[in-house]
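Student: Here the protein sequences line up with chains A and B, keeping their order.
Residue 439 is where the first sequence ends in the working numbering, and the numbering goes up by one at each step.
Residue 439 is where the second sequence ends in the working numbering, and the numbering goes up by one at each step.
Okay, handing you the structure first.
Protein chains: 2
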Amino acid sequence: MSAYENFLSELEGLEVISSPTQVAKLSEDYFRFSPILTPILENKVGDLVLRPKTEAEVIKIAQGCVNHRIPLTVRGAGTGNYGQCVPMHGGIILDTSRMQSVKWIRAGAACVEAGVKLGALDKKAQEIGWESRMVPSTFRSATVGGFIAGGSGGIGSVLYGQLRDRGNLRSARVITLEDTVRVIDLRGDDVQKVNHAYGTNGIITELEIPLAPAYPWAECIVAFKEFEMAAKFGQALGNADGIIKKMISVHAHPIPSFFTALKSYVPDQSHCALVLVSESDLEAFKSLVRSYQGEICYEKSAQVASKGLTLVEFSWNHTTLHARTVDTSLTYLQSIFLDLDAVMEMYRHFGDEVMMHLEFIRMGGKVFPAAIQVVRFTTSDRLNEIIKYHEDRGVLIANPHTYLLEDGGMKTVNQEQLDFKRLVDPYGLMNVGKMRSFL
Amino acid sequence: MSAYENFLSELEGLEVISSPTQVAKLSEDYFRFSPILTPILENKVGDLVLRPKTEAEVIKIAQGCVNHRIPLTVRGAGTGNYGQCVPMHGGIILDTSRMQSVKWIRAGAACVEAGVKLGALDKKAQEIGWESRMVPSTFRSATVGGFIAGGSGGIGSVLYGQLRDRGNLRSARVITLEDTVRVIDLRGDDVQKVNHAYGTNGIITELEIPLAPAYPWAECIVAFKEFEMAAKFGQALGNADGIIKKMISVHAHPIPSFFTALKSYVPDQSHCALVLVSESDLEAFKSLVRSYQGEICYEKSAQVASKGLTLVEFSWNHTTLHARTVDTSLTYLQSIFLDLDAVMEMYRHFGDEVMMHLEFIRMGGKVFPAAIQVVRFTTSDRLNEIIKYHEDRGVLIANPHTYLLEDGGMKTVNQEQLDFKRLVDPYGLMNVGKMRSFL
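Given below as C-alpha cells:
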C-alpha cells in the first residue's frame with residue numbers, strides 16, 4: 001500500500017475503502033453468469049476503492065492517477081455481466097455511487113450525475129409525467145453512468161431503439177486522464193466517443209438523457225401452447241403501432257418454471273410472453289392476444305405493478321439470474337435474429353440445450369427479435385460450437401463471454417472511441433486491458 | 001318537397017336547411033381536386049340538410065329515413081377528397097357539425113361526439129398533456145367522425161400507424177337504419193365494421209379514441225440540393241427511433257414554390273422536408289440533418305408554431321390544395337412505395353409530370369414512404385397510364401379518383417363491413433352507391 005501513500009495524501013477528505021473483503025466485492029460485477037469469464041475475472045481485484053461525492057473530487061482522483069501512473073477503473077452499481085468494471089490490473093476503483101444528484105429534470109430530458117440510480121430517476125421523473133426511455137432489468141440499483149458506459153438497451157427499446165441511437169444520449173461530461181486533467185463536455189454526435197466504451201476513455205461524471213412520456217404500464221403474462229405462437233405474438237405486438245408497449249419478453253418452456261414468484265400463474269408446459277402495455281391500450285392488446293390464441297394468466301394494473309413485483313425483473317438478464325438460481329450450470333447467449341424463421345430453426349435444433357428467450361427491440365426503425373437464450377453449459381468448445389452454428393446461419397451473436405469491448409456486440413474497432421482514448425488517456429490507465437485495439 | 005312533409009312533421013324542433021344554395025354547398029367535399037370526380041359529383045345534391053344536436057335527434061332522423069325510405073348521407077366538415085359525403089341519390093344529408101360535445105377526456109383516451117373538430121379536441125387534450133395520435137392536415141375544421149369514417153391516417157402516422165391499426169379506434173357508437181332503429185356500441189375489433197366505411201353502414205354518433213402524449217413539436221424546413229438526399233433523409237429520420245417526430249413531409253422541386261407563405265424560406269431550386277420534431281430532440285435532429293447535407297432554412301419553436309402558421313397545413317393533401325391554388329390543372333395521386341428505389345425510379349421517369357411528395361408513415365411496425373404526388377393532368381387515359389405504370393412496378397396506388405369505397409385504397413370487398421351493412425341498413429339507404437359490393 002505504500003505506493004498509494006503519496007497519492008492518498010493528495011486526496012484528503014475522500015471516502016477510501018481499503019478493507020480487502022469490500023474491495024474484492026467492489027471489484028466484481030455479474031460476470032459469474034459466464035463460466036468462461038468466471039475463472040478469468042474472479043481473482044481480479046483493485047487496490048483501493050474511492051467514492052467521490054463531487055466532480056471536483058473526481059478531478060483530484062484523475063490527476064492523482066495520472067501523476068502516479070495508477071490504473072483507474074470506474075464502477076457504477078456493478079450490475080454489468082461482462083466484467084465491464086472489473087480491474088484487470090489492480091489500481092484504483094472509482095465508485096460513482098455517491099454522485100447521486102439530479103441536476104435538473106424537465107419534460108423530455110434530465111441531467112444527472114453518473115451515480116444516479118435509474119429507478120430513483122424514474123420515480124422523480126414520473127412525478128412530472130416522464131421516465132427514462134429505456135432501463136435495464138437492474139434499474140433499481142443500476143446507475144445511469146453504468147448503463148450508458150456498459151449497456152446497450154433494455155426495457156423501452158421496443159419503442160425507442162438502442163442507447164447508441166441518435167437522441168438517446170444528449171450529452172456526457174467527461175474527465176480526462178491527460179497530464180493536466182481536463183473536463184470535456186460532449187454533445188450531439190460527439191457523445192458516441194464514450195457511449196458504450198466501458199469507461200476506457202474518460203470518467204463520465206454527468207449525463208443529459210432524454211425522457212419518455214410515462215404511460216401507466218399494465219403488466220400481463222400471456223400463456224401459449226406453442227412456442228411459435230408466442231414468438232409470432234411477440235413480433236405482432238412489436239409491429240402493432242396502435243398498441244403502446246414498453247416490454248415484450250417471450251420465454252420458451254421450461255424458462256417460466258424458473259420464475260419462482262410467477263410460475264404458479266403460468267399453465268404447466270406453457271410458453272409465455274411478459275408484457276408491459278399502456279393501460280389505455282389494454283382492450284386492443286387483448287384482441288391481439290385472442291387472435292394469437294394466447295391466454296392472459298396474470299394481469300396487474302399500473303398502480304399495483306408499480307408497488308410490488310414487476311415483470312421487468314424477470315426480463316432481459318434477470319431471466320438468466322432466475323434460471324441460475326435454480327441451476328448454476330445455466331448460462332446465456334445474446335443474439336439478434338433477423339426474423340422468426342431463424343428463431344424457430346434454432347429453437348427446434350437445440351431443444352432444451354438453448355432455451356429460447358426473446359426480447360423484442362427496435363433497431364433502425366424496425367422491431368426485431370433479440371434473444372438472451374438460457375444455455376445449458378457443458379464445455380467451452382460446445383459453447384463456441386453453439387455460437388458458430390448461429391453465426392453460420394446469419395444470427396448476430398453479441399458474445400457475453402468476453403470482457404473485451406470489441407469482441408462483444410461491436411465486432412469491429414470503433415475508431416472514434418479509440419482516437420478519443422488516445423487523446424484523453426495517453427498513459428493507458430483507464431479500465432486497462434478492456435479495449436482490444438488498445439492492448 | 002311534398003315527399004318530405006310527413007317526414008319533417010315527425011322531426012319538430014330540428015335544424016333544417018333547405019336553401020338550395022346551402023344544400024348544394026353542404027353536398028360537396030373537396031372532390032374538385034380530381035378532374036375525374038368533378039364531372040361525376042358536381043351536380044349531386046341532397047334534398048335537405050338536417051343538423052341534429054343530440055343522439056336522440058339522430059335516432060329520430062334515422063327512423064324517419066327508414067319509415068319513408070329516404071336516402072341518408074352523413075357529413076362531417078366535408079374535408080374529404082373522394083366524395084365520401086356526396087349524396088349520389090339525393091335524400092337527407094345528416095350534418096354532424098352540431099354534435100360537438102367532448103364527453104370525457106383523460107390520460108390516453110377521449111370520448112367525443114362525432115362532430116367534434118380535431119383541432120378543438122387537441123386544444124382540450126393538450127391542457128392535460130395529451131393530443132390526438134393522428135390528424136389530417138384539415139384538423140382545424142375536420143371532425144373526428146369524418147376522419148374515422150373517411151380518412152386513413154395523417155400527421156402522427158409516422159409514430160402510431162394507421163387509423164385501421166388495432167388500438168387507434170377504441171369504440172364507435174352507431175345508429176342503425178333497421179325497421180326499428182337501434183343503437184349499437186362497437187368495441188375492440190368490432191370497430192372495424194364501421195372504420196373507414198364512408199358512413200355506408202350506420203350513423204356514428206360517438207367515438208372513443210386513444211390519445212398520444214403531446215410533445216412540444218418544433219417545426220423545421222430542411223432544404224436539400226438533391227431530391228434523393230431529401231428522400232433518404234426522410235427515411236432515415238423515420239427510422240431514427242431516438243428522435244421523436246410527428247410529421248416527415250418531403251417535397252421535390254417545384255412543389256415548395258407552390259407554398260406562397262413558405263417559399264421565401266426555401267432556397268431556389270431546392271427540395272425540402274417539412275418536419276415536426278420533439279423540441280427536446282432538436283439537437284439530435286440537427287446532427288441527422290447535417291449528416292444528410294441538409295440545411296435548416298426555417299425553424300419555429302413549439303410555442304411559436306402553435307400560435308400561427310403551421311407546417312401541418314402544407315403537408316398531406318394541403319400540399320395539393322396549395323399546388324391547385326397556383327394551377328388548377330394540377331391533381332394528385334396517393335401511393336405507397338415499398339422502398340426509396342421505387343420512389344427514385346418514378347421521380348426520374350415522370351419528371352415534372354408527377355411531382356414527388358412523400359409522407360413517411362408507419363405500417364406494420366416499419367416506416368414507409370407513402371406519397372401524395374402532385375400530377376399535371378392532361379387526360380383520363382394518361383392518368384390511368386400513370387397509375388398502371390406505378391402498379392406494374394409494385395407501387396400500391398390508393399386511387400383518389402374514385403368515389404367507390406372498395407376502389408380506393410382497399411382494393412377488395414371488406415366482408416365484415418358488407419355484412420354489417422346488410423344487417424344495419426337493410427333498405428340500402430345509407431350513402432347510396434358508394435359501396436361497390438352493395439350497388
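Just so it is clear, CB atoms sit at the ideal spot from N, CA and C, and this is done for glycine as well.
Given A:Met88, which residues of its chain have a CB within under 6 Å of its CB, disregarding the five upstream and five downstream residues?
Tutor: Sequence-distant partners of A:Met88 (beyond 5 residues in either direction) whose C-beta falls short of 6 Å from its own C-beta, in its chain, are Lys44, Val432, Gly433.
Student: Rounded to whole angstroms, what is the Cα-Cα separation between B:His196 and B:Arg51?
Tutor: 22 Å
Student: Under 9 Å, Cβ to Cβ, is there at least one residue of chain A near B:Gly154?
Tutor: no
Student: Report yes or no: is there a C-beta of chain A within less than 9 Å of the C-beta of B:Arg362?
Tutor: yes
Student: Apart from the five residues just before and just after A:Ser437, which ones in its own chain have a Cβ nearer than 7 Å to its Cβ?
Tutor: Glu406, Val413, Leu418
Student: Assuming the contact rule is C-beta atoms closer than 8 Å, B:Leu163 and B:Ser152 should be a hit. Round their C-beta distance to whole Å, please.
Tutor: With a Cβ gap of about 6 Å, B:Leu163 and B:Ser152 count as contacting.
Student: Would you say A:Ala370 lies against chain B (beta-carbon separation less than 9 Å)?
Tutor: no
Student: Whole angstroms are fine: how far does the CA of A:Ile155 sit from the CA of A:Ala230?
Tutor: The alpha-carbon separation between A:Ala230 and A:Ile155 amounts to approximately 19 Å.
Student: Under three-state DSSP, which class holds A:His401?
Tutor: Here A:His401 sits in coil by DSSP.
Student: For the beta strand (DSSP E) that A:Val23 lies in, which residues bound it at each end?
Tutor: Residue range 20 to 25 is occupied by the alpha helix (DSSP H) that includes A:Val23, with no beta strand (DSSP E) assigned at that position.
Student: Look up B:Ala114 in the DSSP assignment and say whether it is helix, strand or coil.
Tutor: coil
Student: Measuring CA to CA, which of B:Leu383, B:Asn239, B:His68, B:Leu309 is closest to A:Gly364?
Tutor: Just measuring C-alpha positions, the residue of B:Leu383, B:Asn239, B:His68, B:Leu309 sitting nearest A:Gly364 is B:Asn239.
Student: Can you tell me the Cβ-Cβ gap for A:Glu283 and B:Gly188, rounded? I've got them flagged as a contact below 8 Å.
Tutor: Taking a contact as a CB-CB distance under 8 Å, the pair A:Glu283 and B:Gly188 counts as one, their CB atoms being some 6 Å apart.
Student: If the criterion is Cβ atoms closer than 9 Å, does the pair A:Met355 and A:Val326 meet it?
Tutor: no
Student: Taking the beta carbon of A:Leu338 as the centre, do at least 16 other beta carbons fall within 10 Å, making it buried, or is it exposed?
Tutor: A:Leu338 comes out exposed.
Student: Less than 9 Å separating the beta-carbons of B:Ser27 and B:Gly46?
Tutor: Taking 9 Å as the Cβ cut-off, B:Ser27 and B:Gly46 qualify as a contacting pair.
Student: Starting from B:Asp47, follow its DSSP beta bridges and name the residues at the other end.
Tutor: When beta bridges are read from the DSSP output, B:Asp47 appears opposite no residue.
Student: Measuring alpha carbon to alpha carbon, tell me which of B:Gly119, B:Pro136, B:Val250 ends up nearest B:Leu274.
Tutor: For the residues B:Gly119, B:Pro136, B:Val250, the minimum Cα distance to B:Leu274 belongs to B:Val250.
Student: Is it a yes or a no for the segment 174 to 181 of chain A touching the segment 120 to 137 of chain A, going by three-plus beta-carbon pairs under 8 Å?
Tutor: no
Student: If the cut-off is 7 Å on Cβ atoms, which residues from the segment 130 to 160 of chain A count as contacting chain B, listed in chain order?
Tutor: Tyr160
Student: Which stretch, first to last residue, makes up the beta strand (DSSP E) that contains A:Lys245?
Tutor: 245 to 251
Student: If you measure from the beta carbon of B:Ser301 to each beta carbon in chain A, is any gap under 9 Å?
Tutor: no
Student: Quick one: what's got a C-beta closer than 6 Å to B:Lys103's C-beta in the same chain, skipping five residues either side?
Tutor: Cys111
Student: Are the beta-carbon atoms belonging to A:Ser335 and A:Arg376 less than 9 Å from one another?
Tutor: no
Student: Which full runs of the beta strand (DSSP E) of 3+ residues lie inside the segment 220 to 282 of chain B, going along the chain?
Tutor: 245 to 251, 271 to 278
Student: Taking the C-alpha atoms as reference points, what is the distance between A:Gln84 and A:Ala142?
Tutor: 13 Å
Student: Measuring CB atoms only, is the segment 248 to 267 of chain B touching the segment 133 to 142 of chain A, in the sense that at least three cross pairs come out at less than 8 Å?
Tutor: No: the two stretches stay apart, fewer than three of their Cβ pairs being nearer than 8 Å.
Student: Please report how far the alpha carbon of B:Phe224 lies from the alpha carbon of B:Ala214, in whole angstroms.
Tutor: 29 Å
Student: Starting from the beta carbon of B:Val367, find every residue of chain A whose beta carbon is closer than 8 Å, and list them in chain order.
Tutor: Gly365
Student: Are the C-beta of A:Gly242 and some C-beta of chain B separated by less than 9 Å?
Tutor: Yes, A:Gly242 lies at the interface with chain B (some Cβ there is under 9 Å from its Cβ).
Student: Please check if any C-beta of chain B sits within less than 9 Å of the C-beta of A:Lys286.
Tutor: yes
Student: If the cut-off is 9 Å on Cβ atoms, which residues from the segment 274 to 285 of chain A count as contacting chain B, listed in chain order?
Tutor: Listed by position, the residues of the segment 274 to 285 of chain A near chain B (Cβ gap below 9 Å) are Ser278, Glu279, Ser280, Asp281, Glu283, Ala284, Phe285.
Student: Exposed or buried, A:Pro20, counting other C-beta atoms within 10 Å across all chains shown (16 or more means buried)?
Tutor: Result: exposed.
Student: Check distances from the C-beta atoms of the segment 171 to 200 of chain A to those of chain B and list, in chain order, the residues that come in under 8 Å.
Tutor: Arg187, Gly188, Asp189
Student: Taking B:Gly115 as the reference, which of B:Ile203, B:Ala305, B:Met435 has the closest Cα?
Tutor: With distances taken between Cα atoms, B:Gly115 lies closest to B:Ile203.
Student: Shorter than 9 Å from the beta carbon of B:Gln126 to some beta carbon of chain A?
Tutor: no
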